[in-house]
Structures are given as C-alpha cells and as structure tokens.
Amino acid sequence: AVSESSEFFEQDFLEDAIAAREIRAEGAKPVKKVNYMNGVRDAYYSRISEDVKKLSKKDPLYERYSIVHIGTSIIPTFNPGFRIWEYNITELQTEEEVLHSHEPWDSFFEHLDVEIQKIIEEAEEVEAFEDDEQIDSEIPDVLISKKKKKKKKGKKGKKNKNSKNWWKTDKTFPKKKPKNLPPGPAYENQLFSPLRFVQYYADLKEIDKQYLKLLKEGKSEDEAASIAFKYQVEYASDDKPYPMKTTLVKDYIELASELSGNDKLWNTFLERAFCSSGYED
Amino acid sequence: DIGGKEKSIKGRFLHITDMHPDLYYKENTSIDDTCHRGKPKNDGDRAARFGNAMKGCDGPPDLMYYTLDWIHKNLSDEIDFIIWTGDNVRHDNDRRIPRTEQQIFDMNRQVSELFLKTFKDHESDDPRDLKVKIIPSLGNNDVFPHNLFSPGPTLQTRELYDIWSQFIPPAQQNTFDRYASFFVEAIPGKLAVISLNTLYMFKGNPLVDNCSNKKQPGYKMLLWVGFTLQELRDRGMKVWLSGHVPPIPKNFDSSCSDKLALWLHEYSDIIIGGFYGHMNMDHFIPVDGEKAWDDIGNSM
Chain A
351 AVSESSEFFE QDFLEDAIAA REIRAEGAKP VKKVNYMNGV RDAYYSRISE DVKKLSKKDP
411 LYERYSIVHI GTSIIPTFNP GFRIWEYNIT ELQTEEEVLH SHEPWDSFFE HLDVEIQKII
471 EEAEEVEAFE DDEQIDSEIP DVLISKKKKK KKKGKKGKKN KNSKNWWKTD KTFPKKKPKN
531 LPPGPAYENQ LFSPLRFVQY YADLKEIDKQ YLKLLKEGKS EDEAASIAFK YQVEYASDDK
591 PYPMKTTLVK DYIELASELS GNDKLWNTFL ERAFCSSGYE D
Chain B
3 DIGGKEKSIK GRFLHITDMH PDLYYKENTS IDDTCHRGKP KNDGDRAARF GNAMKGCDGP
63 PDLMYYTLDW IHKNLSDEID FIIWTGDNVR HDNDRRIPRT EQQIFDMNRQ VSELFLKTFK
123 DHESDDPRDL KVKIIPSLGN NDVFPHNLFS PGPTLQTREL YDIWSQFIPP AQQNTFDRYA
183 SFFVEAIPGK LAVISLNTLY MFKGNPLVDN CSNKKQPGYK MLLWVGFTLQ ELRDRGMKVW
243 LSGHVPPIPK NFDSSCSDKL ALWLHEYSDI IIGGFYGHMN MDHFIPVDGE KAWDDIGNSM
C-alpha cells in the first residue's frame, strides 16, 4: 500500500533517508539536505505544477490540499530560527458574542473514552472471528468440533472488504465532508485565516564575532552575551523574490508551482530552508 | 477566558521547535568532541558560546535561555499562543555520556519550567496563569530510549502528564495517558490547537507498525482524532494541528500518513493546517487528500 509519491520518495531517497535517520539518531552534521529538498521539489512541487492549470478551473481554492508547515529548529543544525504567524481576527472585533450551550468537555471526554474502548473491543471481536475462520479454512471440516461450528454460526459477520463502502465501518476513516459546508479558513480569507508570517533567525557567526570583540574590549562574559545575542528578521512571507499575498492554501500551491520551474527562486527558497547559514551538500 | 478575565487577541502566534539543549555543552571545547571536552584543533573547531551552525553539536543551554528571553522581551506582548513542537533533550551522540531515562525526564521538566517561568502572567494572582497559552508536543528525542514510545498508559505518559500538567486541560488527563495527545482551546470556544503524539505513527518507532491494525496505538489515536474533530466542528470551532514529526510518507507508515491526509481533507472546513519540527529545515509539504483516498482505495 504505497502511494505514488511515497513510492517515488522511497525509490529515490530510501538510502538517503535511512542514512539520514541513522545520522539524526545520533545527532550530527547535516548531510544531503539539498538532496532531500530537491526530492521535495520533484515529488511534490513539480507534480503540483503539472496539475495546477487543470486544477485551478475545477478546484480554484485547491481544497484537495492541506499544508504541512515544517519549522526550522533552535538547535544550530543550521542557524537557529522560529516563526511568528499572523492571522485574521477582524470578525472577532465586530461579531456579537453568541453563547452556546455545549456539553462540558469533562463529559465529552468521559463518553469519548467509553466510545473508543467499545469500538476497539468490537473490532477485536471481529478480528478474533476472522482469525478463527482463517484457522478453520486450514483444517478439514470433519476435524472442526460441533461446538466450534456452533460458536462460528453465532458470531458477527465478517466485513466484506470487496464492498465499495468497506471504509464506512471503520471509524479511523472520516465520513465525506458534507457538501453544504463552506470552505474553511485555510482556503478563503475569513476569521482565523493565516495571512502572513515573519521568520526570525540568529546569525550565529555574526553573534560570535561580536561577542569575542566585546570580550576583547573588556566587557564581562554576561555583558558581552547580552549585547551580542539577538534575533533578526530573516524574511517575511510577503518579501521578494516570491511575495505571497496571503498564506492560504492557494498561495502555497501557486508558490510550489513557481518553485518547481524557476531555479533562481528555488535557490532563494533553499537559502531560507537552511536558515541563511550558507549550507550546501 | 474561563476565569472571567478579559484578554485581548493580538492575531499572532509563535511556532518554535527542536531546542535540544545540552547541559554538557562547554564553550571553547572541541566541536569534534561533541562540544563537551578537548582543546579545539583550530579556530574552526571551537565551540562558540551560542553554538556553531552546521557543525553537529547540540544546542548550548545559553542558546535556549537567551532565545526564550529574547522572545519574552520582544514578542510575548504580541502573541496569543505558542506552538512548541518538541525535542527538548540532547541527542544520544556521546558514548562517554549516554543518556538515561531520568535525565530525559529531568530535562523535559527543566525546559517546561523555563517556558512556565518565561511566560508567566505576573499580573495574575494565580501562579499558574500564563500570559500566553502554550501547546507542547512530544519529540522523538524526548523519550527513552530514543524513538521508542509504547502504547499508553505507561510510566512515560504519566510522567509527561505531570511535566506538562499546566499545559494540558485537566479533563484530558485520561486521554493523554492513552495517546499522549491533547488539545487546547487557544481562543476559548473558537480556536483549538491539537497536539498530536506523532511517535505513534512514526516509522522510526520500532514499537509501532501501522494505522491499519486495531491493536496499534496509531489506529486508536486516529479514533481520538476523529471524535475530537467532529466535536470541534459541532461546536463551530476551527483548529490547527501540531506535532513533532511531520506526517509525510518519508516519516510515517503510509497507512498513517494516508489516513491522516483523509482527515485533513474531510475536515478542511475546520482544519487550518499543521505545524511540525524534526527536520530542522524551513519548508512546506502540500498533502493531497483526494489522492490519499485513491491510494487507500487501490491498496484495498
């Protein structure tokens, strides 16, 4: 059960992924990260680029996609960095407060525990029955005791995996979204829509240079550290060379498509991915 | 808020991840000796006060202290909540100082207390009040042994609840014990942030296999995700997801990444997106929900 993109990923990057995982397990210098990013470009951004024209007519808000945002770290694998997100709160300032009477969270969680336990127990019962059937099919009929045959008769029916709607009985699959629901804040600008972000970073080389200089000038270690250490804006989502109007899904899909075909933009994207550390493979 | 106090919403929040502070880090030691000991061979081998980019050492504790202090001084009045996606402990990369379970608990507790101290609401009478809500999630280095996290309840889930008790709503203690996941109403009644324990879906966790088998913790956690999302939808709330390991095929078993992609897709009216760490690189991955349905259909 390997999806196309993961198959692609596995084929091209399996060795790198295993190596990288082993290295990360130990914590070490970054290796082959440009290679990984190029893999992301090929497996995701380029594929989107191929479909984007067709999709923009059929699904103009790109509701088939959702975005996984992966943040840069504080550990100096590259430079340390973090991100401030800005989101739409206009409606909060104007909307009238409507009081809802919902079940208290306490009772929701009480019911939730019971409900999940019930599902698991039922599922285990069905699974045990399937195991029985498996054993029975391997044993000649005459050897199965009458008792077992009786037990088998009384058990719940096996779910039919060939049925078109097999997934409807498994609650780890969601029900289809009701068609009357409007697009969420990720797709259309509304309350809580992400609008912009600012990426901060600490230029460790510069900080160390400044720190050593201040020590030479006679400052104490703590004084020098307090003066030298600072974060600064690395870039914002609406900065050139690929300014995003907002940070909705459609902006990301358009950016992915642009990045796939423009090496100059891609190089800036890589520089930012590695937190302006100058990393190369 | 629930205490009847008025709080103004700023329309900003912070995502911070992977601090990996290393209490053995020593300034001016050799980078080649994991920044723990030895004389540097040359200037390029010198462990700097705040660390060196791309050299492979963990974070000096000062980098963490000064980072949180800088955020507190410059940004804490501007943000509504903090999404903090884990890995708060050094890597196991020094054979002379192997990590122990107790050290990992202690470090998680220290970092957690640092967050509480930094973002405490000094104007409140209640010592537990924070200026901003904080939503932590569990990293693969926050557990012992590294990457291994078994289905709860376990000693580790209990200890973690104790460490994060000020961040996790008390009503969720039992569910946290089972899934090490929870959610916080970042804006009460309107906006929630789910903290997912991604280790139950992580390929690197040898104690879990997939999200298809009903006995797997990833399967059970998906049930929790489903019920929670439906309840949030019923209440008219919107939600961000967060966790340590990004839910992509590189990191997750495909039965887990595909199923999660389905939930993202079918609840796209309320899910805004997700924040993750682990990879150390700033980038984004578009997850295709319709393709996930096709993949699952084909595989069945």
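Protein chains in written order, with the working numbering: chain A, 351 to 631; chain B, 3 to 302. Every residue, glycine too, gets a C-beta built ideally from N, C-alpha and C. Since this is a predicted model, take the numbers as computed values, not measurements.
Give the interface partners of residue i over in chain A, defined as CB-CB distance under 9 Å, in chain order.
i	result
B:Tyr202	By Cβ distance, chain A contributes nothing, its closest Cβ being about 12 Å from B:Tyr202, past 9 Å.
B:Gly291	Glu413, Arg414, Tyr415, Ser416
Inspect the beta-carbon positions of residue i and residue j and report whether they are closer than 8 Å.
i	j	result
A:Ser416	B:Val247	no
B:Gly245	B:Ser139	yes
B:Ser197	B:Ile165	no
A:Gln582	A:Tyr561	no
B:Ala50	A:Asp558	yes
B:Phe117	B:Val195	no
B:Gly275	A:Pro426	no
A:Lys383	B:Gly58	no
A:Ala536	B:Ser259	no
B:Asn207	B:Asn149	yes
B:Ala55	A:Leu554	yes
B:Glu268	A:Lys527	yes
B:Gly279	B:Gly88	yes
B:Leu132	B:Lys119	no
B:Pro249	B:Thr200	yes
B:Ile85	B:Phe204	no
A:Ser570	A:Asn438	no
Please list, in chain order, the chain B residues whose beta carbon lies closer than 8 Å to that of residue i.
i	result
A:Gln549	Asp284
A:Lys379	Met56, Lys57, Gly58
A:Ile424	Ile18, Thr19, Asp20, Met21, His22, Gly61, Leu65, Met66, Thr69
A:Ile577	Near A:Ile577 there are no residues of chain B at all, since even the closest Cβ is about 11 Å away, more than 8 Å.
A:Leu531	Asp271
A:Gly431	Asp284
State the DSSP-derived secondary structure class of residue i, mapped to helix, strand or coil.
i	result
B:Trp166	coil
B:His17	strand
B:Gln175	helix
A:Ala640	Residue 640 of chain A lies beyond the residue range present for chain A, which begins at 351 and ends at 631; the question has no answer from this structure.
A:Ser627	coil
B:Leu224	helix
B:Ser183	coil
B:Pro23	strand
B:Val289	strand
A:Tyr394	helix
B:Phe204	strand
B:Leu193	strand
A:Val476	helix
B:Ile11	coil
B:Ala263	helix
A:Ala606	helix
A:Phe523	coil
A:Gly507	In this prediction, A:Gly507 scores a pLDDT of 46, lower than 50, which makes its location untrustworthy; no coordinate-derived value is stated.
A:Ile466	helix
For a contact meaning CB atoms closer than 8 Å, what does residue i contact in chain A?
i	result
B:Glu308	Chain B is shown from 3 up to 302; residue 308 of chain B falls before or after that span and cannot be answered.
Closest to residue i by C-alpha separation, out of the options, would be which residue?
i	options	result
B:His285	A:Asn530, A:Leu605, A:Asp631	A:Leu605
A:Asp463	B:Lys252, B:Phe229, B:Met302, B:Gly191	B:Phe229
A:Asn385	A:Leu620, A:Gln540, A:Ser626, A:Glu573	A:Leu620
B:Cys37	B:His17, B:Pro63, B:Ile18	B:Pro63
A:Ser576	B:Trp242, B:Lys252, B:Tyr67	B:Tyr67
B:Arg111	B:Asn142, B:Asn76, B:Tyr163, B:Glu125	B:Tyr163
B:Gln105	B:Lys119, B:Lys133, B:Pro147, B:Asn176	B:Pro147
A:Trp455	B:Arg237, B:Gly61, B:Phe107	B:Arg237
A:Thr443	B:Glu80, B:Ile11, B:Trp242, B:His93	In the sequence as presented, Thr is not what sits at residue 443 of chain A; that position holds Gln. That would be B:Ile11, whose Cα lies nearest to the Cα of A:Gln443.
A:Lys300	A:Ser610, A:Asp601, A:Lys580, A:Leu615	No answer is possible for residue 300 of chain A: it lies beyond the span of chain A, which begins at 351 and ends at 631.
B:Thr19	A:Lys408, A:Asn429, A:Pro410, A:Lys580	A:Asn429
B:Ser126	B:Lys240, B:Ala294, B:Lys7	B:Lys7
A:Trp435	B:Met21, B:Val91, B:Glu80, B:Gly154	B:Glu80
Along chain A, in chain order, which residues have C-beta atoms closer than 7 Å to that of residue i?
i	result
B:Arg14	Ile434, Trp435, Glu436
B:Gln174	Phe459
B:Cys213	Thr522
B:Glu233	Phe458
Strictly below 7 Å CB to CB, what residues from chain B border residue i?
i	result
A:Glu477	Lys216
A:Tyr629	Met56
A:Lys566	Here the premise fails: no neighbours, minimum Cβ distance about 14 Å.
Along chain B, in chain order, which residues have C-beta atoms closer than 9 Å to that of residue i?
i	result
A:Lys555	Ala50, Asn54, Ala55
A:Gly534	Lys240, Tyr269, Ser270, Asp271, Ile272, Ile273, Ile274
A:Ala586	Simply none; closest approach about 13 Å.
A:Met387	Met283, His285
In chain order, each beta strand (DSSP E) run of at least 3 residues that lies wholly inside the region 408-451 of chain A: List check, beta strand (DSSP E) in window: 415-420, 431-437.
Continuous alpha helix (DSSP H) assignments of at least 4 residues falling wholly in the region 537-567 of chain A: Runs of the alpha helix (DSSP H) inside the region 537-567 of chain A: 554-566.
Segments assigned beta strand (DSSP E), at least 3 residues, entirely inside the region 107-167 of chain B: Correct list: 135-138.
Ranges of the alpha helix (DSSP H) found wholly within the region 225-249 of chain B, counting only runs of at least 4: Runs found: none.
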